[in-house]
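385 is the number of the first residue of the sequence shown in my numbering; add one for each residue after it. Idealized CB from N, CA, C, for every residue including glycine. Remember, predicted model here, so these are calculated numbers, not experimental data. Everything below concerns the one structure shown next.
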Amino acid sequence: MKILIVGAGGREHAIAWKLSQNEKVEKIFIAPGNACVEMLPNAESVNLGSIDEYISFAKDNNVELTVVGSEELLVQGIVDEFHKNGLKIFGPDKKAAILEGSKAYSKDFMKKYGIKTAVYEIFDNSEKAKEFLNNWKDFPVVIKASGLAAGKGVIIAQNLDEAIKAVEDIMVDEKFGNAGNQVVIEEFLDGVEVSILSFTDSKVIVPLLSAKDHKKIGEDETGLNTGGMGVISPNPFVTDEIFEKFKLDIMEPTLKGMQAEGMDFAGVIFFGLMITKKGVYLLEYNMRMGDPETQAVLPLLENDLLELIEKSFDKKLSEIKVNWKPLHSCCVVAAAGGYPESYKKGDEITGVLDFKETEDNKVFICGAKVENGKLLTNGGRVLNAVALGNTLEEAQKKAYELLKTINFEGMYFRKDIGGRF
Ligand code: AMP
Ligand code: GLY
């Protein structure tokens, strides 16, 4: 079987790594991929641009399955186009991808189906939004560009001035382009964040192990937002009681809503949650795997990933029992110095190309390329060190030990992924 994976980061490396464990898989193409193809047997990086190019490539190379890592092409309708061409692709069609592509749509969906979420209003006019803010009493307040903004479109405003500026940045100066044609203004929720990825065949939703992302560049969640600096799984804040609340207040009404709206696909739903004193709230849906959540969660998954995907296509996910290693996972992101602002590329990375993975230790590549046999940094987030342990502390310790064997100039990572120890 030949598989095409769409995306470029550590998430796509982890998906390819997990899929390659099924012996039916003879070849994995990753578009565009990264230097991870050097670490995977039978993997090849390919450069494709438009959706038409993806379709031609899949046809010409007898690709039997395409798995989409990142959101942009899903929202553009890559799944619909593949289906028109009789090609198998794992991910939501346009009709379902809008749950991630439009925060305005997804908030209205949550309200319509009684899914617990922050109180909000939607605006498509900056003057009306500012007028509304002038009467808002409770700061901080959260201002969100409705469309896709590469994870940067959410501003937590501490006071009225910051809130007004956020609306102007998003709606008047169009800092996020069309994504800011609408804004969502919502209540700030104070609590602990949780990521729960899940698979769906649109008949059932099967949640994966919970995870905890660490979004800020600085230790103790300080400084600028990033794409994610590390993840632990399972998330220690997700007790059985919290999980039941998630299922009852969020997951089950989501499935009902999807079915009522006629959403029908095989793919992923990623629930971004906040545990607060008032219960578990849904912040957002992502309609694809998380990065770096995937890199921490997949190494704990006992099941074959290809089988899970195939069962989703067959609408037989309910038949599968998902099994997890009774371990903890810690994924630490090593970034180039300066990230998430400007950073250098092209520094040599040592300790990765000759790295031998074990059951407990993996390295996934996010932003690196090979030139003249050398591995060079080629992105802000460069690589993930992932370790498994019997306890969270053991997993953390091993992940940081693993990082000691890897080096590049300016290498930066947070030393508190999963908490200080
Ligand atoms: P979103 O894209 O909606 O998940 O927002 C990105 C990030 O902004 C989340 O992961 C949270 O850290 C933060 N955030 C979003 N909405 C809220 C909210 N209502 N209260 C507090 N933080 C929020
Ligand atoms: N880690 C958050 C995301 O993938 O959007």
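Taking the alpha-carbon positions, what's the alanine 398 to valine 451 distance?
12 Å
From Asn543, Lys549, Ser579 and Asp553, pick the residue whose C-alpha is nearest to that of glutamate 571; which is it?
Asn543
Take the Cβ of glutamate 743 as the centre, count every other Cβ of all protein chains shown within 10 Å, and call the residue buried at 16 or more, exposed below.
Its Cβ having fewer than 16 others within 10 Å, glutamate 743 is exposed.
Considering only heavy atoms of the ligand AMP, does any lie closer than 7 Å to the CB of phenylalanine 572?
yes
For the ligand GLY, is there any heavy atom lying closer than 7 Å to the beta carbon of asparagine 670?
yes
Alanine 534: buried (16+ other C-beta within 10 angstroms of its C-beta) or exposed?
Classification of alanine 534: exposed, given that the 10 Å Cβ count is below 16.
Counting C-beta neighbours from all protein chains within 10 Å, is the total for glycine 674 16 or more, i.e. buried, or is it exposed?
buried
Nearest to proline 416 by CA position, among Asn426, Leu403, Lys402 and Leu388, is which residue?
Leu388
Just curious, the beta strand (DSSP E) that lysine 600 is in, first and last residue?
600 to 602
Tell me the residue span of the alpha helix (DSSP H) that contains threonine 678.
677 to 681
Could you check if glutamate 677 belongs to the surroundings of the ligand GLY, using beta carbon to heavy atom distance under 7 Å?
yes
Relative to the ligand AMP, is the shortest distance from any of its heavy atoms to the C-beta of lysine 599 smaller than 7 Å?
For lysine 599, the shortest C-beta to heavy atom distance toward the ligand AMP is below 7 Å.
Is leucine 759 closer than 8 Å to alanine 752 when the C-beta atoms are compared?
The answer is yes: Cβ separation under 8 Å.
What three-state label does DSSP hand serine 726 in the structure shown?
coil
Below 8 Å on the Cβ atoms is my guess for alanine 680 versus valine 615; work out the distance and round it to an integer in Å.
4 Å
Can you look up alanine 400 in the DSSP assignment and give me helix, strand or coil?
helix
Can you give me the C-alpha to C-alpha distance between glycine 802 and threonine 610, rounded to a whole angstrom?
17 Å
If we count the other Cβ atoms within 10 Å of its Cβ and call it buried at 16 or more, is proline 425 buried or exposed?
exposed
What's the call for proline 710, buried or exposed, on a 16-neighbour Cβ count within 10 Å?
exposed
Can at least three beta-carbon pairs, one atom from the region 647 to 667 and one from the region 576 to 594, be found at a separation below 8 Å?
yes
Report buried or exposed for glutamate 691, applying the criterion of at least 16 other Cβ atoms within 10 angstroms of its Cβ.
When all chains shown are included, glutamate 691 counts as exposed.
Tell whether a beta-carbon distance below 8 Å holds between glycine 531 and asparagine 509.
no
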